[in-house]
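> Please see the structure below; I have some questions.
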Amino acid sequence: MSLNQKVAMIVVLVFALSGAASLVVQQRMIMPSFVSLERDTAEKDIQRVLEGIGRELNQIGPSVSDWASWTDTYQYANGEYPEYVADNLDLDSTMSALEINFMGLFKMDGSVLWNRGWNLDTNSLLDLGALTEGSLSPEHPLMQIASIESDVSGIINTAVAPLLVVAKPILTSDGKGPPAGVFIMGRFFNDAAITRLSEQTRLDVTLGTLSQAVKDSTAINTTGLVHNMPLLEERADEWLGSAQLRDLYGKPILAVQVSTPRHISSQGRSAVNMALLSLLVTGVFTMIVLWLALQRVLLKPLKVLADHAQQVGASDDLHTQLKLNRHDEIGALADNFDQMVENLALARRKIVDQSYRSGVAEMASGVLHNIGNAITPLMVKLENLAGEIRKSPKAEIRQAVTELENTTTPQDRRVDLSRFVELAGVELAELCERGLNDVNRAVSQVGNIRDILSDQERVSRSARVLEPVDVGSLISDAASTLIESGHDTLQVIIDASVSDCGYCSGARAALQQVINNILINAAEAMEAPDQQDGNLRISAMAKECDGKRCISYRFDDDGVGIEAAHWNDIFQRGFSTKNRDGSGYGLHWSANTLQALGGSLHLLQDDDHCGASFEMTLPVATPAGNSANDAETGAVFPATGTGN
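Here our numbering is used: position 216 in the sequence shown is 216, and no number is missing along the way.
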């Protein structure tokens, strides 16, 4: 399957899955949220209506309290103020002002003192049945006043309409008893009340029959109004909320219904359908545009690049260049591919040259091995010569000469001594002649070995191909080596700029030795007798070096520092500031190595800084892995040095 077919299949599949996911989300999550919001609204609507009815009931309470807790009423109930009715109970003005349809005063035993039913529309008396016909039974719910703080409120059925009633004990104006009776007020809960409630709540409120409401045995008290748990019925165009109101006897008396139009779900459904349609149209259009764009921007250029790669692989021609005139990632890929092919050709040439040098180096290694084998018998011969010289009768000859010089030595003894000296001299002459010949041969052989070693050293210094090097990792490795070697007085702090500057161009092994040298010098500076544990802070920055991009690494320690008198000699061959046996080649070798890599090593001269500061510069690594100035030639390094 080609890349075009795979991309086409992926694009279609992605849009299909996206559309299916969007459909599922909208139908399973978004649309149900609209329905849930609509249901919550319907529940709040029926609750608002019930609370509105409760407020209607509570509005009667203050009026009842004013009339019941009044000394005039209290005296009238006790028979002490017979003019009370004439003075205060003008039906037209009193009941119309209070918007009351019933007012009654009863003794605690239920006997009536005064009661009237009143039609507010016609200003005429009404017959409300038991409430206006006579006394009430002591067991009547309205008569259940047990203390001066008791009251009764609720709804009760009458011959005219359901009546919202409130009953309170008759007390003095200062609220003292005992209760002289019960004062009752009531207001019809009829069509006019429903209309008023609908206007207040801005809802469609109706009274239904008990058979229309779903019966529920759970009773709830809302501000004195007892009703069943509100129920919701979902219909096609509305939510119908209903609740049964219970009278003072706890029996269902009427059903209140609230109709909530399904505007929310209707608008949500329209929005979801419009979103799906928009998604479909946008998806098709986007899919077409994306396919055409992918063809032009990605797929066709990739096919050209793939064909070119196949051609290079088949022909093994590393000189063919693609040269796409593009300034994006595809162009960069093509340019990098061309560069990679060019680098491959260059690497191939280097490998051939390096193979030759490796062969020469291997030969040199064999020659050096043979030279070592030749030196061994030479050393044995010289040791034997030294042994013969040590065994020669040097002391005896000196003693014989001493005796010959003594005039008291007998003549026969002098003859023997002369003969001994003569024979010993001949033996020493032969030994010297043999030794001289051996030494001459050894000197000649050593000279030949020296010439061979010099030639082989020049051959073994093969140019090394540079590579991108992460200096931060080299510093971390060097710091770990310091700790393992016992230099634990130095805290190495690597600034984030070291990693931010990226890779430099160099030979990893050589740079590792240079950094090891610098860190060892800093650690030894911390080990002075009067020096405390210190820090070595390493930072980096990009800069221009002779018109080329490079990275400058700065090493700042707070050790004993370097005396100003040594600043000009610090990189000289053989110079060392350490009081120990050493070659003094460390910084000298490091500077030469960095110079061979196209970089440099400098001592930053700062009188105000406590400690030593070195700056190491290296070329920035190119994409091919070499610096621009060393990409073709590599670098030749001096022999490895030791710490300065």
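We put the CB at the ideal spot given by N, CA and C, even for glycine.
Going by beta carbon distance, what residues of the same chain come within less than 6 Å of GLU403, once the five residues before and after it are set aside?
Here the question's residue 403 lines up with position 403 in the sequence shown. Taken in chain order, the residues that qualify are THR409 and LEU417.
> In the DSSP assignment, find the alpha helix (DSSP H) that holds SER602 and state where it starts and stops.
Counted from its first residue, the sequence shown places residue 602 at position 602. Contrary to the premise, residue 602 reads as His rather than Ser in this sequence. Careful: HIS602 lies outside any alpha helix (DSSP H), inside the beta strand (DSSP E) at 600-603.
> From the DSSP output, read off the bridge partner residues of TYR553.
Taking the first residue of the sequence shown as 1, we reach residue 553 at position 553. ALA540 and MET616, per the DSSP bridge assignment.
> With DSSP as the reference, identify every bridge partner of GLY534, one or two as the case may be.
In the sequence shown, the residue the question calls residue 534 occupies position 534. LEU490, per the DSSP bridge assignment.
> Considering Cα atoms alone, identify which of LEU423, ASN384, VAL415 and GLY387 is closest to GLN397.
Start at 1 with the first residue of the sequence shown, and residue 397 comes out as number 397. The question names Gln, but residue 397 is Ile in the sequence shown. Cα-wise, what sits closest to ILE397 is LEU423.
> Take VAL35 and list the residues in its own chain whose beta-carbon comes closer than 6 Å to its own, dropping the five residues that flank it on each side.
Residue 35 sits at position 35 when you count from the first residue of the sequence shown. For VAL35, where only same-chain residues beyond five positions count, the Cβ hits under 6 Å are SER265.
> Which residue wins for smallest C-alpha separation from TRP239, given the options ALA564, SER124 and VAL258?
Working through the sequence shown from its first residue, we reach residue 239 at position 239. Comparing Cα positions, the closest option is VAL258.
> Are there 16 or more other CB atoms within 10 angstroms of the CB of TYR249, so buried, or fewer, so exposed?
Position 249 of the sequence shown, counted from the first residue, corresponds to residue 249. TYR249 should be labelled exposed.
> Which first and last residues belong to the alpha helix (DSSP H) in which PRO725 is found?
Outside the displayed range of the chain (1 to 644) lies residue 725, so it cannot be described from this structure.
> Can we say the segment 131-151 touches the segment 19-29, given the rule of at least three CB pairs closer than 8 Å?
no
> What is the C-beta distance between VAL49 and VAL256, in whole angstroms, given that I count them as a contact (C-beta under 8 Å)?
Taking the first residue of the sequence shown as position 1, residue 49 is located at position 49. Taking the first residue of the sequence shown as position 1, residue 256 is located at position 256. 6 Å between Cβ atoms; contact.
> Is it true that the CB of VAL112 sits closer than 8 Å to the CB of LEU142?
Position 142 of the sequence shown, counted from the start, is the residue given in the question as residue 142. Position 112 of the sequence shown, counted from the start, is the residue given in the question as residue 112. Their beta carbons are not under 8 Å apart, which means LEU142 does not touch VAL112 by this criterion.
> Taking 8 Å as the threshold (C-beta atoms), are THR172 and LEU131 in contact?
Residue 131 sits at position 131 when you count from the first residue of the sequence shown. Residue 172 sits at position 172 when you count from the first residue of the sequence shown. Contact flag unset, no.
> Should PRO162 go down as buried or exposed, given a rule of 16 or more other Cβ atoms within 10 Å for buried?
Here residue 162 is taken as the residue at index 162 of the sequence shown, counted from 1. Buried.
> Give me whichever residues DSSP pairs with ASP335 in a beta bridge.
For the purposes of this step, residue 335 is taken as residue 335 along the sequence shown, with counting starting at 1. Answer by DSSP bridge pairing: none, since ASP335 is not bridged.
> How many whole angstroms separate the CB atoms of MET616 and LEU603, which I take to be in contact at a CB cut-off of 8 Å?
For the purposes of this step, residue 616 is taken as residue 616 along the sequence shown, with counting starting at 1. For the purposes of this step, residue 603 is taken as residue 603 along the sequence shown, with counting starting at 1. Their Cβ separation, rounded to whole angstroms, is 11 Å, which puts MET616 and LEU603 out of contact at 8 Å.
> For CYS545, name the three-state secondary structure that DSSP assigns.
Taking the sequence shown and counting its residues from 1, one reaches residue 545 at position 545. CYS545 falls in the strand class under three-state DSSP.
> For THR71, which option in SER63, SER278 and TYR84 has the closest C-alpha, if you only look at C-alpha atoms?
Looking up residue 71 in the sequence shown gives position 71. It is TYR84 whose Cα lies nearest to the Cα of THR71.
> Could you please give the first and the last residue of the uninterrupted alpha helix (DSSP H) stretch that includes ASN521?
Looking up residue 521 in the sequence shown gives position 521. Its alpha helix (DSSP H) spans residues 508-525.
> Would the segment 267-286 count as touching the segment 170-189 if we require 3 or more Cβ pairs under 8 Å?
These segments do not touch.
> How is the alpha helix (DSSP H) around VAL498 delimited, first residue to last?
Your numbering for residue 498 matches position 498 in the sequence shown. Taken as a continuous stretch (DSSP letters only), the alpha helix (DSSP H) holding VAL498 covers 496-500.
> So for VAL205, helix, strand or coil by DSSP?
Here residue 205 refers to the residue found at position 205 of the sequence shown. Strand, per DSSP.
> Where do the N-terminal and C-terminal ends of the alpha helix (DSSP H) with TRP239 fall, by residue?
Position 239 of the sequence shown, counted from the start, is the residue given in the question as residue 239. From DSSP, TRP239 is part of no alpha helix (DSSP H) but of the beta strand (DSSP E) over 238-246.
> Which residue wins for smallest C-alpha separation from ALA478, given the options ALA523, GLY435, GLU467 and ALA540?
Mapped onto the sequence shown, residue 478 falls at position 478. Residue ALA523 is the option with its Cα nearest to ALA478.
> With contact counted as at least three CB pairs below 8 Å, one residue from each stretch, are the segment 495-507 and the segment 536-544 in contact?
The segment 495-507, when compared against the segment 536-544, does touch it at the 8 Å Cβ threshold.
> Taking C-alpha atoms, which residue in ARG413, GLY283 and ASP109 lies nearest to LEU17?
The count along the sequence shown starts at 1 and reaches residue 17 at position 17. For LEU17, the nearest C-alpha among the options comes from GLY283.
> According to the Cβ coordinates, are LEU302 and LEU594 closer than 8 Å?
By one-based count along the sequence shown, residue 302 stands at place 302. By one-based count along the sequence shown, residue 594 stands at place 594. Not closer than 8 Å, so no.
> For THR71, does the three-state DSSP call read helix, strand or coil?
Locating residue 71 in the sequence shown gives position 71, where the first residue counts as 1. THR71: helix per DSSP, three-state reduction.
> Can the beta-carbon of ALA591 be found less than 8 Å from the beta-carbon of PHE571?
Stepping through the sequence shown from its first residue, residue 591 is reached at position 591. Stepping through the sequence shown from its first residue, residue 571 is reached at position 571. Yes. Within cutoff.
> What does DSSP give as the partner residue(s) for SER153 in the beta ladder?
Translated into positions along the sequence shown, residue 153 becomes position 153. Per DSSP, VAL166.
> Less than 8 Å between the C-beta atoms of LEU245 and ILE155, yes or no?
On the sequence shown, position 245 is the one that residue 245 refers to. On the sequence shown, position 155 is the one that residue 155 refers to. Contact: yes.
> Specify the secondary structure class of GLU139 as computed by DSSP and reduced to three states.
Taking the first residue of the sequence shown as 1, we reach residue 139 at position 139. Coil at GLU139, not helix or strand.
> If you drop the 5 nearest sequence neighbours on each side, which residues of the same chain put their C-beta closer than 8 Å to that of ILE145?
Sequence index remark: in the sequence shown, residue 145 carries index 145 (1-based). Answer for ILE145: MET108, ASP151, VAL152, ALA167, LYS168, PRO169, PRO179 and VAL182, listed in chain order.
> Name the DSSP bridge partner or partners of LEU482?
Within the sequence shown, numbered from 1, the residue matching residue 482 stands at position 482. Its beta-bridge partners do not exist; DSSP assigns none.
> For MET95, which of TYR81, GLY110, THR122 and TYR76 has the nearest alpha-carbon?
In the sequence shown, counting from the first residue as 1, residue 95 sits at position 95. MET95 has its Cα closest to that of THR122, out of TYR81, GLY110, THR122 and TYR76.
> With a threshold of 16 other CB atoms inside 10 Å of the CB of GLY268, please say whether the residue is buried or exposed.
Position 268 of the sequence shown, counting from 1, holds the residue named residue 268. So GLY268 ends up on the buried side.
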